[in-house]
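Enquirer: Residue numbers (our numbering): 145 to 533.
Idealized CB from N, CA, C, for every residue including glycine.
The model shown is predicted, which means the values in this text are computed figures rather than measured ones.
The following block contains the structure:
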């Protein structure tokens, strides 16, 4: 019986994937798995029972990734599960920034009591006239699951699309429209594009990437869209760009005292992935990732350990978390060989400072073997996925 705890409400369609071998618990210290959305886990202490955390969404800045890695706790996210919801919000952002729809509807609301509102509309509507997005140059920084969808949709709308991503995956490249111009220097995005949208993770290397230097390279009257993470933009510099006329509109999904209510800023209350469909997709994906790990030891879409998949567990299987250093595999095989165990299958993957090894053996796993493996220098955690097969 596996036990899990939801720190936030998780869509029922996802939880329905748990079968009778799973039990929801109230005490988080009893759980082998945690499902979370936005709950802050940064200061949480984790019990030795905890094996994995599944984030129903893409961002994981509410989870202490390094500490989890040091304790052998796998952290999953659900990249792409909410991509369509965010893509649609980007399209909406382009339209409301190009056409003053918000200003126009607010004007109508303010003049709702005027019996001559129909005539007054024809005189006043020119104040809210905007521009079309057809034929405009769109620059996309980051061509992951969301960026690729935005690029392809924008091409269908008749936009000229430029994409920048130095780490473009093969899968993303296959899905990307051949009409998208892939540039290798982000400055080409800044200098050429009428609208720029950002879709990169929040890293030390991307924090504040849109600053006064980047803005200085942009076209006058550029529309800037940030539905990824607020810290990607130096918002003081963005406001300066608005005040100078360099930036026509700044659309952000992250309200804060700097941008809320400021002229030229369209601030959305973090609605990018807040659709029923996105929440359902994220919940299903998070639960399936968690189940596959608990039942088979497989890791897919982890942010702190490498992806590693040996399929359905049909033999005794041992999972070993360890430092990514030389001679680890030979030490594991020596321990098993000295105990007379024959290895039927094995795989090892690494990611940065950490590595993960799955070993299937032909007979049962004893506690003494687990203890010997755990004593190997550099081993973080040893988990027996199944010992009775």
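1) Between residue 284 and residue 297, is the Cβ-Cβ spacing less than 8 Å?
2) So within the region 300–364, which uninterrupted beta strand (DSSP E) runs reach at least 3 residues, ignoring any that extend past its ends?
3) When burial is assigned at 16 or more other CB atoms within 10 Å of the CB, is residue 512 buried or exposed?
4) Determine the contact status of residue 446 and residue 220, defining contact as a CB-CB distance below 8 Å.
5) Would you kindly work out how many angstroms separate the C-alpha atoms of residue 245 and residue 272, rounded to a whole number?
6) For the beta strand (DSSP E) holding residue 366, just list the boundary residues, first then last.
7) Which residues in the same chain have their Cβ closer than 8 Å to the Cβ of residue 325, if we skip the five residues on either side of it in sequence?
8) CA-CA distance, residue 343 and residue 430?
9) Any contact between the region 334–354 and the region 363–378? By contact I mean 3 or more CB pairs, one from each, below 8 Å.
10) Flag this pair as yes or no: are the beta carbons of residue 205 and residue 174 separated by less than 8 Å?
11) How is residue 520 classed by DSSP in three states: helix, strand or coil?
12) Near residue 248, what residues of its chain come up, given a Cβ to Cβ distance below 6 Å and the 5 sequence neighbours on each side ignored?
13) Going along the chain, which unbroken runs of the alpha helix (DSSP H) with 4 or more residues stay wholly within the region 465–494?
14) Are residue 359 and residue 385 close, meaning C-beta to C-beta below 8 Å?
15) Is residue 290 helix, strand or coil when you go by DSSP?
16) Quick check: the Cα distance between residue 275 and residue 527, rounded to an integer number of angstroms?
17) On a CA-only basis, which of 437, 311, 483 and 469 is nearest residue 521? Give me that one, please.
18) Which first and last residues belong to the beta strand (DSSP E) in which residue 504 is found?
19) Starting from residue 218, trace the beta strand (DSSP E) both ways and give me its first and last residue.
20) Any Cβ of chain C within less than 8 Å of the Cβ of residue 267?
21) For residue 258, count neighbouring C-beta atoms within 10 Å of its own C-beta (all shown protein chains included) and say buried if the count is 16 or more, exposed if not.
22) Measuring CB to CB, does residue 200 end up less than 8 Å from residue 448?
23) Do three or more CB pairs link the region 450–469 to the region 158–178 at distances below 8 Å?
24) Considering Cα atoms alone, identify which of 292, 279, 280 and 195 is closest to residue 227.
25) Classify residue 559: buried if its beta carbon has 16 or more other beta carbons within 10 angstroms, exposed otherwise.
26) Straight-line CA distance for residue 191 to residue 171?
27) Whose CA, out of 436, 327, 420 and 380, lies closest to the CA of residue 154?
28) Between 478, 481 and 443, which has its C-alpha nearest residue 463's C-alpha?
Expert: In short:
1) For the purposes of this step, residue 284 is identified with residue 140 of the chain shown, where counting begins at 1. For the purposes of this step, residue 297 is identified with residue 153 of the chain shown, where counting begins at 1. No, Cβ-Cβ distance for residue 284 and residue 297 is not below 8 Å.
2) 304–308, 325–327 and 339–342
3) Along the chain shown, read from residue 1 onward, the residue named residue 512 stands at position 368. Residue 512 comes out exposed.
4) Residue numbering aside, residue 446 sits at position 302 when the chain shown is read from its first letter. Residue numbering aside, residue 220 sits at position 76 when the chain shown is read from its first letter. Their beta carbons are under 8 Å apart, which means residue 446 touches residue 220 by this criterion.
5) By 1-based counting over the chain shown, the position of residue 245 is 101. By 1-based counting over the chain shown, the position of residue 272 is 128. Near 7 Å, if we compare the C-alpha coordinates of residue 272 and residue 245.
6) Against the chain shown, residue 366 aligns to sequence position 222. Per DSSP, residue 366 belongs to the beta strand (DSSP E) from 366–370.
7) Position 181 of the chain shown holds residue 325. For residue 325, where only same-chain residues beyond five positions count, the Cβ hits under 8 Å are 304, 305, 306 and 307.
8) As a first step, residue 343 must be located in the chain shown, where it is residue number 199. As a first step, residue 430 must be located in the chain shown, where it is residue number 286. The alpha-carbon atoms of residue 343 and residue 430 are separated by roughly 21 Å.
9) yes
10) By 1-based counting over the chain shown, the position of residue 205 is 61. By 1-based counting over the chain shown, the position of residue 174 is 30. Against a cut-off of 8 Å, the Cβ pair of residue 174 and residue 205 comes out as no contact.
11) Residue 520 sits at position 376 when you count from the first residue of the chain shown. The answer is coil: DSSP assigns residue 520 none of H, G, I, E or B.
12) Position 104 of the chain shown holds residue 248. Answer for residue 248: 272, listed in chain order.
13) 472–482
14) Mapped onto the chain shown, residue 359 falls at position 215. Mapped onto the chain shown, residue 385 falls at position 241. Yes, these two residues count as a Cβ contact at 8 Å.
15) Position 146 of the chain shown holds residue 290. Three-state DSSP puts residue 290 in a helix.
16) On the chain shown, residue 275 is found 131 positions in, with the first residue counted as 1. On the chain shown, residue 527 is found 383 positions in, with the first residue counted as 1. The alpha-carbon atoms of residue 275 and residue 527 are separated by roughly 59 Å.
17) Along the chain shown, read from residue 1 onward, the residue named residue 521 stands at position 377. The candidate whose alpha carbon is nearest that of residue 521 is 469.
18) Here residue 504 corresponds to residue number 360 of the chain shown, with the count starting at 1. Per DSSP, residue 504 belongs to the beta strand (DSSP E) from 498–505.
19) Your numbering for residue 218 matches position 74 in the chain shown. That run of the beta strand (DSSP E) goes 218–220.
20) Reference to chain C is not applicable here, since this structure consists of a single protein chain.
21) For this step, residue 258 is matched to residue 114 along the chain shown. Burial call: exposed.
22) The residue given as residue 200 occupies position 56 in the chain shown. The residue given as residue 448 occupies position 304 in the chain shown. No, they are not a contact pair.
23) no
24) The residue labelled residue 227 in the question sits at position 83 within the chain shown. Of the candidates 292, 279, 280 and 195, the one whose C-alpha sits nearest the C-alpha of residue 227 is 292.
25) Outside the modelled stretch of the chain, which goes from 145 to 533, sits residue 559, for which no answer is possible.
26) For this step, residue 191 is matched to residue 47 along the chain shown. For this step, residue 171 is matched to residue 27 along the chain shown. Residue 191 and residue 171: Cα-Cα distance of roughly 11 Å.
27) What you label residue 154 is simply residue 10 of the chain shown in a count that begins at 1. Comparing Cα positions, the closest option is 420.
28) In the chain shown, counting from the first residue as 1, residue 463 sits at position 319. When only C-alpha atoms are compared, the closest one is 443.
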